[in-house]
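Enquirer: Using mature numbering (1 follows the signal peptide of the UniProt record, and there is no 0), the letters of the sequence shown correspond one by one to residues -20 to -1, 1 to 214.
Note that CB positions come from ideal geometry on N, CA and C, so glycine has one too.
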Amino acid sequence: MSARLLSCFMALILLGFGLSGCSSTNSGSVAGNTRVAPGFYRVQTGDTLYRIAKAHNQSVANIKSWNQLSDNHIAVGQLLRVRADGASKPPAPASTKSPASKPAASATPVPKVSLSLVWPHAGNLVGKYAPPRNKGIDIAGKEGDPVLAAADGKVVYAGDGIRAYGNMVIVRHAGEYLTTYAHNQALLVAEGAQVRQGQPIARMGKSGTDAVKLHFELRFKGQPTNPLAQLPER
């Protein structure tokens, strides 16, 4: 796998997509002959989600739910769960003892760490957070305007390997947060760079879309969350 495709693959993992989103001229299969655990299936050339579901006596809705798929796109080599979580587990042996019951421990919710953000651009909001159609917000501006890092962090992706996002930067922050900056004209940082809040990291453009704008996403533990909840009011 080329360095470019590997970088794109990592970006897709961060954004929760399958391999089908990567742009590549390499048409070779990545499925291989790797064995998979019971209850899972590795996508082969020519497979469709409907065909896989039918072969395993499941509904398409179940396959999508178990694998957190937002649409019917799958990629060769992708590993899919085709049984419910408990279906592939052997039954637990019967207990021969009756241990004294203990009071159930109350579940302690994991607190969501807040992240102090600044606006990556001062333009007007032209697209609101509305998943699954829009997993971030869209900000209008002029081509070439600076795009700023919303918080301190490390650049984990910088490239144009995902067609729908065009030239994109992904920054990892403290507290398992990621911010995504898409449709840029040019990128000013490289993968591995440490960036400071307010630092220019790209130039606004319209790569991967039909109008000049910044598509900005905020993700917590890989899941999209509304950036407006963390950005200062204006």
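From V23, R143, K193, N42, pick the residue whose C-alpha is nearest to that of V56; which is it?
Expert: Here residue 56 refers to the residue found at position 76 when the sequence shown is read from its first residue. When each option's Cα is compared against that of V56, the closest is V23.
Enquirer: Leaving out five residues on either side along the sequence, give the residues of the same chain with a beta carbon under 7 Å from the beta carbon of V192.
Expert: By one-based count along the sequence shown, residue 192 stands at place 212. If we look at V192 and ignore the five residues flanking it on each side, its Cβ neighbours are G121, K122, E123, M184, G185, K186.
Enquirer: Kindly confirm or deny that the segment 92 to 101 and the segment 133 to 140 touch, where touching means at least three C-beta pairs closer than 8 Å.
Expert: Counting Cβ pairs under 8 Å, fewer than three are found: no touch.
Enquirer: Can you give me the Cβ contacts of V169 inside the same chain, cut-off strictly under 7 Å, excluding the 5 residues immediately before and after it?
Expert: For the purposes of this step, residue 169 is identified with residue 189 of the sequence shown, where counting begins at 1. Excluding residues within five positions, the ones whose Cβ falls inside 7 Å are V135, A138, V149, V175, I181.
Enquirer: Could you tell me if D118 is buried or exposed, where buried requires 16 or more neighbouring beta carbons within 10 angstroms of its beta carbon?
Expert: By one-based count along the sequence shown, residue 118 stands at place 138. Classification of D118: buried, given that the 10 Å Cβ count is 16 or more.
Enquirer: Does DSSP put N114 in a helix, in a strand, or in coil?
Expert: What you label residue 114 is simply residue 134 of the sequence shown in a count that begins at 1. N114: strand per DSSP, three-state reduction.
Enquirer: My guess is that A130 and Q179 are in contact by the Cβ rule of under 8 Å, so how many angstroms apart are they, rounded?
Expert: By 1-based counting over the sequence shown, the position of residue 130 is 150. By 1-based counting over the sequence shown, the position of residue 179 is 199. At roughly 10 Å, the Cβ-Cβ gap does not stay under 8 Å, so A130 and Q179 are not in contact.
Enquirer: Taking the alpha-carbon of G202 as reference, which of G116, Y157, V40, A64 has the nearest alpha-carbon?
Expert: For the purposes of this step, residue 202 is taken as the residue at position 222 of the sequence shown. Of the listed residues, the one whose Cα sits closest to G202 is Y157.
Enquirer: Please identify the residue among H36, V62, A35 whose C-alpha is closest to the C-alpha of Q48.
Expert: Translated into positions along the sequence shown, residue 48 becomes position 68. That would be V62, whose Cα lies nearest to the Cα of Q48.
Enquirer: What is the DSSP secondary structure of L97, reduced to helix, strand or coil?
Expert: Taking the sequence shown and counting its residues from 1, the one referred to as residue 97 is at position 117. It is coil, neither helix nor strand.
Enquirer: Tell me where the beta strand (DSSP E) around A182 begins and ends.
Expert: Taking the sequence shown and counting its residues from 1, one reaches residue 182 at position 202. From DSSP, the beta strand (DSSP E) with A182 extends over 180 to 184.
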